[in-house]
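Reviewing the structure listed below.
Number of protein chains: 4
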Amino acid sequence: MDYNAKQIQIIEVAERLFAQKGFAGTSVRDIAQAADVNVSMISYYFGSKEKLIEALFQIRMTESRSRLETLITNAELVPMQKINLLIDSVIDRLTGNQCFHNIMMRETLSSERNAAISDHIMNLKMRNIELMQQLIREGQAAGVFRDDIDMSLMTTTLYGTVNYAIASQDFYKKINNLEHMDQAEFLTHLKGKLSQHLKSLFKSTVTNEHHNQN
Amino acid sequence: MDYNAKQIQIIEVAERLFAQKGFAGTSVRDIAQAADVNVSMISYYFGSKEKLIEALFQIRMTESRSRLETLITNAELVPMQKINLLIDSVIDRLTGNQCFHNIMMRETLSSERNAAISDHIMNLKMRNIELMQQLIREGQAAGVFRDDIDMSLMTTTLYGTVNYAIASQDFYKKINNLEHMDQAEFLTHLKGKLSQHLKSLFKSTVTNEHHNQN
Amino acid sequence: MDYNAKQIQIIEVAERLFAQKGFAGTSVRDIAQAADVNVSMISYYFGSKEKLIEALFQIRMTESRSRLETLITNAELVPMQKINLLIDSVIDRLTGNQCFHNIMMRETLSSERNAAISDHIMNLKMRNIELMQQLIREGQAAGVFRDDIDMSLMTTTLYGTVNYAIASQDFYKKINNLEHMDQAEFLTHLKGKLSQHLKSLFKSTVTNEHHNQN
Amino acid sequence: MDYNAKQIQIIEVAERLFAQKGFAGTSVRDIAQAADVNVSMISYYFGSKEKLIEALFQIRMTESRSRLETLITNAELVPMQKINLLIDSVIDRLTGNQCFHNIMMRETLSSERNAAISDHIMNLKMRNIELMQQLIREGQAAGVFRDDIDMSLMTTTLYGTVNYAIASQDFYKKINNLEHMDQAEFLTHLKGKLSQHLKSLFKSTVTNEHHNQN
DNA sequence: TATGAATGAGACTTCATTCAT
DNA sequence: CATGAATGAAGTCTCATTCAT
């Protein structure tokens, strides 16, 4: 599936609006107006509003498909390096695609799920968790990771923390008196803080050294 | 502001539907039908659909006002005990009000924010963070907590993890082969796991003992 | 099911327009405009355009339910009198409800049939044909009707002739130089001619007297 | 006016679809898809959807032009033989072109008539009736036909019966327990029945013998 | 000559809200 | 105080046709 310039334009505009106002809260008129195309183009190009968001998911998820694979299967890195790179990768992806991950979060929250989209999300998550399990086993085999790591909870903390940080960025700005920063500057700052925070968290929890049984 | 039985019925039904289908995705007809009242009642009682969700926020947030205060100001507990109680409290609140916190998450994600709701959310977060700062300072004064704790990030991890776990509960069930459990059983299981996981996380990160500089 | 004044108004207007332009050829806007109501009233009152035509069928067919029964079961008439009254009854009904029978004819011609409407039509036809079979058997028992009457073909001729006459009335007018007549006058004339014609046809075909085996 | 292969293909597909779903109920997309041509071909070849149906009428009516003439003017047949051949000819034509006559019936029922089509229909009917009048006069001159025949009513019965029989064929099948027959078999059966029925009807009505004054 | 992309009008329906009772 | 009928705006989608190629 490849899309022409106008289709991509529509998808990008839709992504932004869906993130801002939700799927149901965004009308095809909104999208058409913002993308500067005729209203009927959405149906014409994608079939329906529903199919448009499916196209969006298909594109964004295809894009992020291989990054994790190459990282995990890189033979030159030790497990803890991979964990740290993984953390930065997740931070980069989620902050770099705020709109899309916002939409994905909303869709995850919704129980009126579109089957195609749910499948996309489920597949992505399955793949991610499997890669992480593989990484954990590698670290355990090398004797540097603890044996009782619940990877699904660590993943939850990783994604949950980054997601929540992005969703609450305005609040974070305010609480830390960072309102003077512009968006780019602030994002760099936030990413640095998150990176440091999560790496520290993972190191304490995942490695064998100095762990306090609870 | 107190509401009569019918108004409360409407609010509770609306809460469930907003959580399931989103604010824009839920029509006043849906609410009226599910609450078994006339459609015009929503406008009649609350003024508008918008005002209805504001009423919902106002109620739910007023409800949760005092719990945290009493915990933090309890003189009989040591800081680490408070942290652990706090973690359980957050887990309980978020899992016990999944519908409402689902709505709050969605609204936080939305940049088309209703001013009244945004204010409610902001106030709640400010209050929470202040109480936590207070708790942290108490622990630091007692010499059991590290000096360089970024409480806003720890809070982000706490809420983010619990939120994400709730949002992804279907996935968690699947990945851990817990599909045989009924909802109540599963929720108990999940709460236990989250509690253990987050306490461990906080202990490693917050206390002075065994910390690995990063 | 009883309908209020506005609903009846809508149904009657719709009946006329469906007869004139067909179901697909008539928009809800056409109907709303002609009935002098808001467009959304059609959906509001009937659910959809489809349901509107179903309501129309349900009403018209309920109306014509009992006429035939009372005629056929009337003990004071001899079979041939019943046949003649039946012919006049069919002529009256079809000319008196031109619009509706026009719609029914179109729907019968359509293979994109609405299930509810098809059922209505099928039921009506089944009932009619059964009553006629009963009448024929009565006449045969009395020895005045032939034994080899194909009632389904006679019925086809009866309804077919009247239907076609109504559909071709403009042509009939022209061919018989009756264009000076107004509609009421012409209809009376046509009904008389049809009555005479069909009675003669049935007498020759149905009765035992003077029949020429073919 | 002659049409190329693609145009004929379009016309034939359109004929089938118009018969099935009506003119307004058939979109040019439906036609283009079923005929496996580009959507714009309809406008390109015929100017518009309207012009397409006109072309269809023009073709089908030109086709059937001469059959009746040769029959009526055949000097070797006696009037009653011509009547019978005429009946079979009508049955053959209407059953053989069900699609087209279905469309013609619908268009006749429509009061939103396309002028060109109405003219076509009117011309065909005028020609038919004139040929029949000629046949009747011939029979009357020979002393074998009654003097008071209303040919327009007899024609109405002929066309009306055959049309109605075709339109109600599903019902006829059901009522006579012929549902086991395939379409070709059933059609042969129906044509035989109609032929016998109408010939008997005409013989009783048209000829001087054994007529019962009404 | 033939095409497929593109269009604006209009299709049906649902929406939140109002108003007379 | 409560209701249900009614409304106009706006929703998504399909339509027949046009136009540049």
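Residue numbers (the numbering used here), protein chains in the order written: chain A, 102 to 315; chain B, 102 to 315; chain C, 102 to 315; chain D, 102 to 315. Even glycine gets a Cβ: it sits at the ideal position worked out from N, Cα and C.
Is residue i helix, strand or coil by DSSP?
i                : result
Thr163 (chain C) : helix
Thr289 (chain B) : helix
Thr318 (chain D) : Absent from the structure is residue 318 (chain D), since the part of chain D shown begins at 102 and ends at 315.
Phe158 (chain B) : helix
Phe124 (chain C) : coil
Gly197 (chain B) : helix
Would you decide whether residue i is buried or exposed? Buried here means 16 or more other CB atoms lie within 10 Å of its CB.
i                : result
Asn313 (chain D) : For Asn313 (chain D), the pLDDT reaches just 45, beneath the cut-off of 50, and the residue's location in the model is therefore unreliable, although a value from the coordinates is still provided. With fewer than 16 other Cβ atoms within 10 Å, it is exposed.
Met227 (chain B) : exposed
Tyr273 (chain B) : buried
Val307 (chain C) : buried
Met206 (chain D) : buried
Glu280 (chain A) : exposed
Glu170 (chain C) : exposed
Ile204 (chain B) : buried
Thr174 (chain D) : exposed
Ser269 (chain D) : buried
Asn209 (chain B) : Correcting the residue type first, residue 209 (chain B) is Thr in the shown sequence and not Asn. Answer is buried; the Cβ neighbour count reaches 16.
Would you say residue i faces chain A, with C-beta separation under 9 Å as the test?
i                : result
Arg207 (chain B) : yes
Gly123 (chain B) : yes
Glu286 (chain B) : no
Glu113 (chain B) : no
Ser329 (chain B) : Residue 329 (chain B) lies beyond the residue range present for chain B, which begins at 102 and ends at 315; the question has no answer from this structure.
Glu213 (chain B) : yes
Thr289 (chain B) : no
Phe55 (chain B)  : Outside the modelled stretch of chain B, which goes from 102 to 315, sits residue 55 (chain B), for which no answer is possible.
Asn313 (chain B) : Note on Asn313 (chain B): pLDDT 45, under 50, position unreliable in the model; the coordinate value appears next. Closer than 9 Å to some Cβ of chain A, the Cβ of Asn313 (chain B) qualifies, so yes.
Hey, is residue i's beta-carbon within less than 9 Å of any beta-carbon in chain D?
i                : result
Val263 (chain C) : yes
Met282 (chain C) : no
Leu157 (chain C) : no
Leu187 (chain C) : no
Glu152 (chain C) : First, the residue type needs correcting, since residue 152 (chain C) is Lys and not Glu in the sequence shown. No, no contact with chain D.
Gly126 (chain C) : yes
Ala266 (chain C) : yes
Thr306 (chain C) : yes
Leu210 (chain C) : yes
Met181 (chain C) : no
Lys226 (chain C) : yes
Thr258 (chain C) : yes
Taking only beta-carbon positions, decide if residue i is within less than 9 Å of chain C.
i                : result
Asp193 (chain D) : no
Asn203 (chain D) : yes
Ala216 (chain D) : no
Ala120 (chain D) : yes
Met298 (chain D) : The identity of residue 298 (chain D) in the sequence shown is His, whereas the question assumes Met. Interface residue, yes.
Leu254 (chain D) : yes
Leu295 (chain D) : yes
When the cut-off is 9 Å and only beta carbons count, does residue i lie next to chain B?
i                : result
Leu232 (chain A) : no
Asn277 (chain A) : yes
Asp251 (chain A) : yes
Ser301 (chain A) : yes
Leu178 (chain A) : no
Met162 (chain A) : no
Met223 (chain A) : yes
*Could you tell me whether the region 247-261 of chain D touches the region 257-265 of chain C, using the rule of 3 or more Cβ pairs below 8 Å?*
yes
*At a cut of 8 Å, does the region 193-212 of chain C reach the region 112-126 of chain C through at least three beta carbon pairs?*
yes
*Can you find at least 3 beta carbon pairs, one from the region 211-229 of chain D and one from the region 245-254 of chain C, that sit closer than 8 Å?*
no
_Does the structure place the region 143-155 of chain A close enough to the region 172-185 of chain A that three or more beta carbon pairs sit under 8 Å?_
no
_At least 3 beta-carbon pairs within less than 8 Å: the region 103-111 of chain B vs the region 127-139 of chain B_ = yes
*Any alpha helix (DSSP H) of 4 or more consecutive residues that is wholly inside the region 231-281 of chain D*: 252-268, 270-276
*How about the region 149-161 of chain C and the region 234-249 of chain C: do they share at least three Cβ pairs that are nearer than 8 Å?*
no
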